[in-house]
Structure formats: C-alpha cells, structure tokens
Amino acid sequence: MVDSSSDPRPSEQFRHLYTPPKINGSFTGKHIITVEQFDHRDLQTIFDVSARLRDRVTAHDRDLVNLCAGKLMASLFFEASTRTDMSFQAAMRRLGGSVVTASNGVQFSSVYKGENLADTVRAAGCYADVIVMRHSAIGSSYQAAYYIDRLNERIVTHGAVISGGDGIGEHPSQALLDLFTLVDLKKGADNLTITLVGDLLYGRTVHSLAKLVALYGVTNTKLCFVSPASLRMPDTIIDFLTKHNITHYETTDLYEVLGESDVIYWTRVQEERFARRADYEAVRDNFIMTPEVLNQAKRDVILMHPLPRKNEMGTPADHDILDANPRAVYFQQMENGMFVRMALLAKVLGVSDADLL
Amino acid sequence: MVDSSSDPRPSEQFRHLYTPPKINGSFTGKHIITVEQFDHRDLQTIFDVSARLRDRVTAHDRDLVNLCAGKLMASLFFEASTRTDMSFQAAMRRLGGSVVTASNGVQFSSVYKGENLADTVRAAGCYADVIVMRHSAIGSSYQAAYYIDRLNERIVTHGAVISGGDGIGEHPSQALLDLFTLVDLKKGADNLTITLVGDLLYGRTVHSLAKLVALYGVTNTKLCFVSPASLRMPDTIIDFLTKHNITHYETTDLYEVLGESDVIYWTRVQEERFARRADYEAVRDNFIMTPEVLNQAKRDVILMHPLPRKNEMGTPADHDILDANPRAVYFQQMENGMFVRMALLAKVLGVSDADLL
Amino acid sequence: MVDSSSDPRPSEQFRHLYTPPKINGSFTGKHIITVEQFDHRDLQTIFDVSARLRDRVTAHDRDLVNLCAGKLMASLFFEASTRTDMSFQAAMRRLGGSVVTASNGVQFSSVYKGENLADTVRAAGCYADVIVMRHSAIGSSYQAAYYIDRLNERIVTHGAVISGGDGIGEHPSQALLDLFTLVDLKKGADNLTITLVGDLLYGRTVHSLAKLVALYGVTNTKLCFVSPASLRMPDTIIDFLTKHNITHYETTDLYEVLGESDVIYWTRVQEERFARRADYEAVRDNFIMTPEVLNQAKRDVILMHPLPRKNEMGTPADHDILDANPRAVYFQQMENGMFVRMALLAKVLGVSDADLL
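Residue numbers (this note's numbering), protein chains in the order written: chain A, 1 to 357; chain B, 1001 to 1357; chain C, 2001 to 2357.
In structure tokens:
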C-alpha cells in the first residue's frame, strides 16, 4: 500500500484544503470527487447521456470509439474493486480511449520504492488525461485533486481526477449509477418510498445515494432508513436531508416499511461491527434478504444492491432464486455502472453534447 | 483465489448442468468450452481463417484493426498462464478490440472481498463482449457459461465465454493451435504417425489434441501414446478414439515408435506423480527429449511442445541446440497461438467470413 | 521473480555474447539496450521528434493515433517501476498502438511455472512488435535481445527489445529523457556546468546520463560529480569521458560547485551504502536538497531528479516548497519521459520521419 502518511498532512485533512468545484453545467476538465458537486441539471445530463450511450452500445454503434479516441485514462486502484475498476476501464475503451495501469498492480509498483500517494498520482497526471483513483484513506481523492491542480501549473498536459471511492468516505460514481438505475426503472424519483437497509453508519454507498436523491430533488418521495440502532445513518446525512426538505424516516424494523417500499437498496451488516455476538444475533434476521422476504414486498418493487454480496442475501441457493426474480435489478444496476461511467468520462474529457445526445 | 466453493455446487458439477452447444457452422455468440463443440467443417474454418490472419499480420495489414473495433474482451486469469493470457490479449488487440483486466490481477481483486466465481464472471459479463477465463477448477468454464447464460437474460449486453483452460480439465484453444500447427506444417492430418509423449493421464493438452484429431477426421493416420505405465491415456479418451475409428497404439517405450513418427508432441512427466523415486528414475530417460534423441527421428519430423518446458527437454544447453533445429517447431506453434485465437475471437464476435477470408 | 539462473549463463555474461548495433541513423527494428548505440545525429533525431510529439499531444492532435495503429507492445516488468512502466504504456497508446501485459503481473505469471527469462521473453516476442523489459539482473536486456534475434529466425513476426532498465546496469530511455530535458530547457548542451550529485557509484541514471552527454558532444561544458568519497563515479565512466574529451571534475563538497552550476541532477545517497552510521552522518548534509540549498544556486539553474524521491529532498514540507519553485523541473522531466518514449517507439516501429517531423 502506498504510504500516504509520509505526507506531512493526513489524507483526511485535504477535505478542508481542497474544495471540489461545482459542476454547474460544465464538466470539462473538472475533478469528480463528491456528489455535492452536482445539481439537478448536472445529474439529468449524466442520466440522459448514460441512457443514450446504453442505446448505442446495445445497437453496436461503431462510431462510439471516435468519442474519446486518443484520450488516455490512468487507473490507480490502490485498493481492489472488481466492478468499479473493470467498469471504468470498459467505459473508457468503449469510448475509444486507452487505459494505462501499472503492469504489476499499482500497489506493488509504488510500494516497492516506498513512494507516497502524491508522487504516484503526479506520475499518472503527467501521462494521462484522466485519472481514476481508488484508495482506502478518507480524503485521498481530495488529496489527489489538490496535487494534480498544482502539477497542472507546471506541465503541458492536464489530467483530471475521478474518484473511484476513498475508504468509507465517498464513492460518487457508485451513487450516480445507483440513482440512474432508480430513475431509469421508476421513470423518475418522485412519489416513491425508497428504503435503504443495512449498515447505514459506515456504508459509503448509502450516504452518497441519500445525498444524491436530495441534490436531484424529489416531490412526494420518502427515504426510509433501516439499520441496527448502533449503525444508524449519521447525523451529517440526516441534517443534509433536512436542509434539502427531504422526508425521511428511521427504523430498526424492516417489516415496518417493507410493504410500502418502491425501491429497496440492500447492503451488508457486518458481524464485526457489533461488540457482542448476541447483539448481532438479535438483529440479523432483519438484515438478510431472501426470496421469502422479497415476496412480502410490493409487486413492482425493485431490489438494488451495490455488490459484491455475501450472506446478506442468504445462501448461494437463495442467490439463484433472487437472481431469477425480475424485481432483483442489481445486475442491471451493475451493467448501468459502465454506461454512467462512460457518460462521466465523456463529459469530463470534453466530448460535446452534440456528439453525446 | 476466488472461492468457487462458496457456490452451493462444485465447479465440476456444472459439466452436467451445462452442455456447450455444437458450433455447427455458426460461431457467433457461442461459448467455447470444449473441443467437442467442433466438427471437421468448424475446424477447417478456424484453420483457414488463422492462416489468412497470419498472412495479414505478416503483411502489416492495417485494416485488421477494423475487424473488432469497439469490441471488448475481459481477461479473467484466476490462474497464471503467460502464453495463453498474452496471446489472447494480443489476438484481441491485433483485431482492433480492447481488453479489460483487473488492474491488480483478478485473483487479488476478487479475493479481497471474498466474492465467488459466479459474481466475478457476471461483472465481466456486464461490461465485455467476450470473456476469456482460466481457472484451476475442473468445470469452471462450464460454470461460467451457465451463469452468463442466465445473466444475459437480464441485461442488454451479451457476453460469450471462451475457456483459457480449466485445471486438468480442458483447454480447447490450445488444442486448436496444436492441430492447426500440425495440419499447417504437414499439409493436412492424413497419412501420419502422430506420437504424444509424457504424462498422458493428467495432461490436459494431450487429451484435447487426441480428441480433436478424431473430430477433424483422418485417413491412414495413427496416434501413438508413449507414457509410463502408471500415466497412460485415460480410458475415456481411448474410448472416444475407438468410437471415431482412430487407429491408436500405446507403449511405454519411446524408441518403439520414434523412428516412424511424423509428429512428436512432447510433454512433461513430473517426478511428483510417482510414489517412489526409483519408479521415476527407471523410466525418466524415455521422457527427456535431447538433441541426441531427436537425431534418431525422421528427417522431416516435427517436434511440438505446448511450453513452458523444464528439464523434459534436457539442460538449458540442450534447449539451445534443439531451438536451432528446424524440426523443432514449438516456437511457430506458440506464435500460431495468436493467429488461432484471433480466428476464434473474430468468429465468436461475429465477424463475417467475407471480412476474414 | 523469473529465475534467470536456470539459464546456463548468467544474464551478465550476455553483455559479452550480444553487441547492440549502432543506430547510425536507422532505428527501425533495432533493439535499444544501451546509450552507446546512439551518436549525436541519432540523439538529435529523438529530441526533435520528442519536441514535435509534445506539441502535437498538447494540441490534442487526433492523428497521432494513426502513427502506430495496429502495432503491439508487450510490457514485461519483472521489477516494478511506476514511471517507466506507465510512461511507456502511455507513449504506445498515444501513438495508437496497443499494449499487452500479463494480467496478473509478469513476475507472478512466469514464476508460477518456474519458467526462465528466455522463455518468457520469447513468448512476448511471438505476439508483440516491440518488447519493453525491465529486470533486476545486469545484462538481462542483452540476454533478451540475444534470444529474440534467434527467435526471429524461426517465426513470421519480428519483435524488438527496448530496455526499461536492467538492475544497476543501464537505463537508456531514462538517460534520453534526462538529456532531452536538459537540452530543451537550456537550448542545447554547450557552455554549461552540469552537476550530478549523490551515489555516483551505484546510480544507473547518472552513469547513462554522463555517457550520453559525451556521445551527444558538447563545447565548453563541464561535468561536475559530487558524491561521498566511497561512492564516486566509477573509473569506467571517467575513462569514457576522458576518451571523449569531456571536461569533468570530482568533489565531495556540493558547495564547491553549487554556485556555478547551470544544471543540478540530484539523486539519493542511501544510508545502507555506508559501513558505519557515523560515516553517513558526516556527509549527509551535502546530499539533502532543500529550499535553502536551492536558494544558493544560480537564478536560472534547473534542478532535475529521476524520481521517485525520498528524504534526499528533505521533508514533505520541503517537497511542497521545492515543487512550487520554477527552477525545479523534475515534473517536466517526468512528463518528457512520455514524449521521448513516444519518439523511441515510433522510430523503432518504423514510422517515417515524414509522419513524425
């Protein structure tokens, strides 16, 4: 692992030293670090472009590869993430761009000489037009953006950073694909009961999705949060929702909201989060999705999950049954990840709307 | 390593749950899992296309990159294999397609979150048009094809699986390149004595090659099998040959068939396969190819080997002498791997014969 | 690590068995193994092409991707090196070529079956047009070139080897980018005092740069070498410079030459090189570059460094101050690595000067 501690400042501090710019209708060259950069119009742009790109991929449109031909993406995954990593790579390549990764995995390459995060990011910034980075330290994507801004003053090429997740901090592209899937399948985000289930305290994806619903703006939609009492949604997120006038409701009991939910976003509760095994045992049945549980939900509910999954969706046999249920949309959600990341890359790399829509 | 055991069914069981479709003249979109999918016409198509693509690569034909432009291959090598991995990647790229691999190696990426084989394969299936997979478990490629078929019902993109080898099970693209090399250099497969040497019990490549000779169909050709008695060709393969009326002959003594062989396919006998060292010592000289041994073969014999090689071709000094002998064709064989895989990828991805021949 | 010892001859011996050909105005298909292959004209060609390619990348010239479309580079990094690896990959892709790496890192892939360096290199040689290799063994790039020459006699495709560094031996592309940066920023290499600082005994980059200055040819330029007494420039390099009539001066005291230097090339002195800690402590202040030290240099000095850096540039806080100083050009130097490697790849792959200049 790259030693971010050799920086005089911990990664987390860069959340104060660097403020990501609002998109405000213009994506070109901007770092993508947090969902808070987006407003309704920006989100709608990404969603419209994503849907259009999905159509074109499905139709085997060979002109897609002209959109980002000659552009280069560096993939710096200091932490493994099959889906985020592969979908960003696939997205860039479907647009005709190229991808550079460290031949032996960046975590091995960089650690070898003990170089710090900033120096590795700067190397990528010298060679690539866009840098997708995932790192376990909160604030690491802010840190990368901070140093790339300074680097860009000194060199002729200019890279932009797109966060692929920073620890339990933020994961903006995941939130974008989650909300796109929801809006796409539910024909919008209004008049819905959206239920987020699991470890809502440490769950990065649920934080970003809740905020993004608020930034997208909804009418007559309610967010329900189902978690163990010790793992409830942080106050910062609750305050964010209140400020944006988003109706929300917290409970520890899934069955209180299961029947009215239009969208269920399922995540894992890790046994390790509990001090005593008995505390975990007492609540676990609320947090295992099975075919029987899903049968108690609305006929047209959609069941989402960021994947990968473990026993929070029961046994492998349960997986097979759930997977065959049309209400389980997590594979479409996973596939949408590629289309949303294509949209994000194309916009950041300056492809014109005329070529995208 | 991805934990295939978290699947309720072991990989091997999928050899019964999933039946690869016969090619029967149409490759487009089909999984390539076993040599048994091919008949003579299918093999001839692959060989004709391979030879034509070799000519075009040699002539630096720049139009090759239009054949699979915009297509995406995911490379999932849960087990390392320099030649198979690199030649599939090179094949896809020479056709103008792109390749996605996990930035840090899929075995590290997936194990990180303990996800199972099916979920990793599904991720690749969401992003790529074709998935090349190698895994140590027998039946793993059947398992991948099984799950991708189910996934394809739920998403808009459609991937096909091409096996890059499943443990000691099957390795169809290796058999294709082996038979192509033989047919190419011997102007067909008729009127030959083809001798397979080494560990014929556990040797995946010799099983697949023997079957493929039968499926190609031969006249006046004999297969000779030279192995230690404890490592003879399995009855399943022998029965397969008998059913296809292929003349075959088994012996433990290389010198019995060396002088009449037109093709010698050499593989390794591992000392670890023997219970007692003395048993290995007793037979080892039959199973070390050296310049002196090769000198006792026919003037126009071709010596093949799937590579990599160790001491079954003597000392490094022996390697140098053998490598310089025109009868040693294993480097051409290795190079043909790229052309045959180009043919396979192009056909599975639906490139028309008009563009290929 | 690939076991080069399974070769009967150690890698180092290949420095005698293989003599890299002089470029002598023609790069196409030649292995690039040592700076000694280049003369002034060859260097000027690389520098002119590098500058022109930099302009075209900066101008987002989309025709760049036609230069090496359809060409394939294999990246064999048996030893990690973030910058060399990523910049070669980026270079190839900006020219429109493709890159093949082992999916799991070549050091893992090859070691898995214990194959030796020659066999791994030959596999790459069967599939790729150019092989970029880095390996920790001195002479390993000579060894690769030796075996590829023999392979090329047997197969239809033909690869060339470009060294990405062989242990403490040579690193020609680094020397090229170093001298290009110097010539580019100082409008030539004449009338300069060029000071190389650090561990000059084991430092591969300083050896290659010193030789390259001599091969480029300079008028009224002096090379100054600042190192601990136990780590002075080897006699072989000193003799090379003397033979080429290059004025040079050795000292252990940085301050003796700091004020007159036009170029300072800084490298690290490792504490581990000293038998006693006290010996290291006695000299270390001469070998830590800080903002205060740089302030004592000429106003228009350029401070170069091959990167990555550790405490030889002081604390992380010192890094930040130095990085903001326009006299610190190591980020431009790093960026130039991509342009110089683009030039090298294009020339070796036979792109015509008409297309490059």
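We put the CB at the ideal spot given by N, CA and C, even for glycine.
Would you say residue i lies against chain B (beta-carbon separation less than 8 Å)?
i         : result
LEU2072/C : yes
ASP184/A  : no
ILE2131/C : no
ALA2123/C : yes
CYS2224/C : no
VAL57/A   : yes
I believe residue i touches residue j by the beta-carbon criterion, under 8 Å. Please report the beta-carbon distance rounded to the nearest angstrom.
i         : j         : result
ALA2175/C : LEU72/A   : ALA2175/C to LEU72/A, Cβ: 25 Å. No contact.
ARG134/A  : PHE180/A  : Not really, about 20 Å apart at Cβ, beyond 8 Å.
LEU1345/B : LEU1095/B : 6 Å
VAL226/A  : VAL197/A  : 4 Å
MET1233/B : GLU1256/B : With 8 Å as the limit, MET1233/B and GLU1256/B do not qualify as a contact, their Cβ atoms being about 16 Å apart.
Please report the distance separating the alpha-carbon of residue i from that of residue j.
i         : j         : result
ASN1152/B : ALA1128/B : 12 Å
PHE88/A   : ALA1229/B : 52 Å
THR34/A   : TYR146/A  : 14 Å
SER1261/B : VAL1293/B : 13 Å
VAL1057/B : ALA1051/B : 10 Å
THR2157/C : THR1082/B : 18 Å
TYR1189/B : TYR1216/B : Correcting the residue type first, residue 1189/B is Ala in the shown sequence and not Tyr. Roughly 8 Å separates the two Cα atoms.
GLN1013/B : PHE274/A  : 38 Å
GLN1037/B : TYR1018/B : 13 Å
VAL65/A   : LEU356/A  : 12 Å
PHE339/A  : LEU53/A   : 6 Å
GLY2139/C : SER2075/C : 18 Å
HIS2372/C : ILE2023/C : This structure does not reach residue 2372/C, given that chain C is present from 2001 up to 2357, and the question cannot be answered.
GLY1159/B : MET1092/B : 15 Å
THR2193/C : ILE2302/C : 11 Å
ILE1168/B : MET2342/C : 43 Å
LEU2043/C : LEU2209/C : 12 Å
GLY2070/C : GLY2097/C : 6 Å
ASP199/A  : PHE331/A  : 21 Å
THR2219/C : PRO10/A   : 49 Å
ARG2062/C : TRP2266/C : 36 Å
Would you please verify whether the beta carbon of residue i is less than 8 Å from any beta carbon of chain C?
i         : result
MET1289/B : no
ASP3/A    : Summary for ASP3/A: the model assigns pLDDT 42, below 50, so the residue's position carries little reliability, and this model does not support an answer.
ALA1090/B : yes
ARG273/A  : no
VAL120/A  : It should be noted that the sequence gives Thr, not Val, for residue 120/A. Cβ-Cβ to chain C under 8 Å: yes for THR120/A.
VAL1065/B : yes
Does residue i come within less than 8 Å of chain A when only Cβ atoms are used?
i         : result
ALA1102/B : yes
PHE2331/C : yes
CYS1068/B : no
GLN2270/C : no
GLN2013/C : no
MET2334/C : yes
ILE1155/B : yes
ARG1083/B : no
Using only alpha-carbon positions, find the residue among the options that is nearest to residue i.
i         : options                                    : result
MET2334/C : TYR2018/C, ILE2023/C, ASP2085/C, ALA2189/C : ASP2085/C
THR221/A  : LEU182/A, ARG154/A, GLN37/A                : LEU182/A
ALA2214/C : ASP2063/C, THR2247/C, LYS2298/C            : THR2247/C
THR2205/C : VAL2283/C, ARG2273/C, GLY2164/C            : GLY2164/C
LYS2211/C : SER2227/C, ASP2235/C, GLY2314/C            : ASP2235/C
PRO1021/B : HIS1305/B, MET1289/B, ILE1162/B, ASP1353/B : ILE1162/B
ILE264/A  : LYS243/A, ASN245/A, THR242/A, ILE288/A     : ILE288/A
PHE1047/B : HIS1305/B, GLU1250/B, LEU1177/B            : LEU1177/B
VAL1949/C : GLY2337/C, CYS2068/C, LEU2117/C            : Because chain C is modelled from 2001 through 2357, residue 1949/C falls outside the range shown and cannot be assessed.
GLY2259/C : GLY2125/C, THR2242/C, PRO2172/C, CYS2224/C : CYS2224/C
HIS2207/C : PRO2291/C, LEU2185/C, LEU2241/C, LYS2186/C : LEU2241/C
Run through the segment 2140-2183 of chain C for me and flag every whole beta strand (DSSP E) of 3 or more residues, listed as ranges in chain order.
-> 2160-2166
Would you mind listing the beta strand (DSSP E) stretches within the segment 210-269 of chain A that are 3+ residues and don't spill past its ends, in chain order?
-> 222-226, 247-251, 263-266
At 3 residues or longer, and completely inside the segment 64-135 of chain A: list those beta strand (DSSP E) runs for me, N to C.
-> 72-77, 98-100, 130-135
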